[in-house]
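Following: one structure in structure tokens, then a few remarks.
Residue numbers (this note's numbering): 147 to 803.
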């Protein structure tokens, strides 16, 4: 078949036009600069794309070794851009030529670059668990338990311990592995009534670097006491809107509105989770992934959900609840009011990281900071300026070797405290270091030159006789210059009473059950500093504080004898029962010792049916029952004659009949 000249020219022109059209619409990658990443760190490469026809695209990559890099690397994108992420492992150290492949209906294009993987940099411990805090529903659990886990690639073991004092001596951190531990604490009813939020201060020490600090806020949520005066606070989440889609290029900001007629003393809390609550109308906040304490921003509050490391275009649904608690009960928490928002849901959509956090602003990853450096602090992270080497000039502080939230170490302009905190000048008083119970100052006369510096509590001890009422008063300060609070503690550190007003006087009192010490803790709220006066008064025989073995007020609730001895305190109209069991006929000798001049106590022995099988009611310092009994369970009743009160010790000896 022959074609004319015009026809042949037409075919050529069409072919050229088609070729030009295909060439002009072919999506392509822009050049990609070489990059370096260390083992156990994450490289994020933003890949720019020329896509004039806005075609749908798919992405892949390969290496010169033909290794797909497994689960350590991924690539995701949209019609306008892509992101390559790689968290290399030790076996991938070396240079790799990585080729990115872009496929569309117009064809396939490629772009290559060289990525160098270097060995893990010097690593300090990083806390993986726990998060910032958790809520504990005291209606379903009586103890605070959480796991602790740290990451440290160049250490075989890390010491996980308390940073300062724990809530009391019963609180324990138990190391369960080379880099893991468990925290366990069962707060007493007095501690629950004293305060809602308890900060558990932790640190991880690998022996090579400064210990890494971490603060965990445990919130004790009980049933509010009914008929308390005052109004509950109002709290609402103002941004994002329910059902919104939020670009998640870094941390996600949540705006909160919260007010109370007497003002809020504690910041609102934000709870968040990526798992749908079982009951959206009544969510279990203890099951949420984490909680965050909001920061005041003008008249409102701001909480930041840490960066979720989402790939570009990746989506995740987040469920959030905000809560606020007032301070209507300045002696504790029994009559404080708490308000929770309904569950709000929004969708976080992964986007290209855009560092926008400036120096000294909070951060959860170094990629959020304009400087590229997020330093570890107890409450999370803070962006710091970088510097070249020790001794280099810095606008803020000195050039120091500082740990990032990722665990790597590099030079930064001062640690977060030195670079970002303008602490008021504060000269502590001469009684330092009275910063814990073990070093408490004896408070035998009023003190008028006390000083509280930021985050530096003062402890005092008051010698108290049995059944005396101890009242401690802190005054001589101006609240507007710094809020000072007061706690009274037992010898184990358990909170017995609290005063946390917003006035110029704090006062609290307790009853001493047995002779010994009552401890007073004077502290600045939220790191406040101030000078103060402190004094104590003791009223002998003004009250009776029950012992720690309550409630053992009847045979069915009797405490079980441990060993052969027992002890306790009898208050008016409040008996104590101690039970024991014998498997054969035995001679029972039960002895009760006390100071008869203080109060007359008596003793009775009951069998399992409730019948009295022995008694002793003399007027001396000893009561004793000697009876032969059959096998079975028996109970001793210790009680005061004519509502007498007293301390006592006792013993039960079983012998052959």
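Where a beta carbon is used, it is the ideal one built from N, C-alpha and C, also for glycine. It should be emphasised that the depicted structure is a prediction, and the values quoted were computed from it without experimental measurement.
Whole-angstrom C-beta distance between residue j and residue i, which should lie under 8 angstroms
i: residue 641; j: residue 341; result: 7 angstroms
i: residue 656; j: residue 616; result: 6 angstroms
i: residue 711; j: residue 626; result: Their Cβ separation, rounded to whole angstroms, is 54 angstroms, which puts residue 711 and residue 626 out of contact at 8 angstroms.
i: residue 530; j: residue 560; result: 7 angstroms
i: residue 792; j: residue 716; result: 6 angstroms
i: residue 576; j: residue 623; result: Incorrect: roughly 18 angstroms between the Cβ atoms, too far for contact.
i: residue 372; j: residue 406; result: Wrong, their Cβ atoms sit about 19 angstroms apart, outside the cutoff.
i: residue 686; j: residue 614; result: 5 angstroms
i: residue 605; j: residue 705; result: In fact, because the Cβ distance is near 31 angstroms, the residues do not count as touching under 8 angstroms.
i: residue 491; j: residue 389; result: 6 angstroms
i: residue 233; j: residue 182; result: With a Cβ gap of about 14 angstroms, residue 233 and residue 182 do not count as contacting.
i: residue 784; j: residue 721; result: 7 angstroms
i: residue 206; j: residue 221; result: 7 angstroms
i: residue 440; j: residue 416; result: 6 angstroms
The beta strand (DSSP E) enclosing residue i, as first and last residue numbers
i: residue 194; result: 189-196
i: residue 340; result: Residue 340 -> not in any beta strand (DSSP E); alpha helix (DSSP H) instead, spanning 335-340.
i: residue 565; result: No beta strand (DSSP E) holds residue 565; the alpha helix (DSSP H) holding it covers 562-566.
i: residue 371; result: Segment: none, residue 371 is in no beta strand (DSSP E) and carries neither H nor E.
i: residue 711; result: 711-716
i: residue 458; result: Taken as a continuous stretch (DSSP letters only), residue 458 belongs to no beta strand (DSSP E), as it is neither H nor E.
i: residue 441; result: 441-443
i: residue 208; result: 204-209
i: residue 559; result: 555-559
i: residue 280; result: 279-283
Collapsed DSSP secondary structure at residue i in the structure displayed
i: residue 229; result: strand
i: residue 235; result: coil
i: residue 500; result: coil
i: residue 660; result: coil
i: residue 168; result: Residue placement at residue 168 cannot be trusted, given a pLDDT of 42 that sits under 50; what the coordinates show is reported in the next sentence. Helix, per DSSP.
i: residue 486; result: strand
i: residue 431; result: helix
i: residue 673; result: helix
i: residue 242; result: strand
i: residue 584; result: helix
i: residue 259; result: strand
i: residue 519; result: coil
i: residue 590; result: coil
i: residue 625; result: helix
i: residue 216; result: helix
i: residue 701; result: helix
i: residue 513; result: helix
i: residue 492; result: strand
i: residue 726; result: strand
i: residue 122; result: Nothing in the structure corresponds to residue 122, since the chain is present only between 147 and 803.
i: residue 253; result: strand
i: residue 113; result: The structure shown has nothing for residue 113, since the chain only spans 147 to 803.
Short Cβ contact (8 angstroms threshold) for residue i with residue j
i: residue 452; j: residue 358; result: no
i: residue 429; j: residue 489; result: yes
i: residue 367; j: residue 282; result: yes
i: residue 203; j: residue 223; result: yes
i: residue 449; j: residue 438; result: yes
i: residue 751; j: residue 760; result: yes
i: residue 306; j: residue 275; result: no
i: residue 297; j: residue 231; result: no
i: residue 628; j: residue 311; result: no
i: residue 807; j: residue 470; result: The question about residue 807 has no answer, for the chain in this structure spans 147 to 803.
i: residue 300; j: residue 351; result: no
i: residue 634; j: residue 652; result: no
Residues bridged to residue i [DSSP beta-bridge criterion]
i: residue 347; result: 361
i: residue 596; result: 678
i: residue 654; result: 618
i: residue 403; result: 382
i: residue 508; result: 528
i: residue 415; result: 439, 469
i: residue 792; result: 716
i: residue 800; result: 734
i: residue 748; result: 785
i: residue 696; result: Per DSSP, none; premise fails for residue 696.
i: residue 199; result: Partner(s): none; residue 199 has no beta bridge.
i: residue 687; result: According to DSSP, residue 687 bridges with nothing at all.
i: residue 769; result: 738
Residue i beta carbon near the ligand NAP (any heavy atom closer than 7 angstroms)
i: residue 456; result: By its list of ligands, the structure shown contains no ligand whatsoever, and the ligand NAP lies outside what it can speak to.
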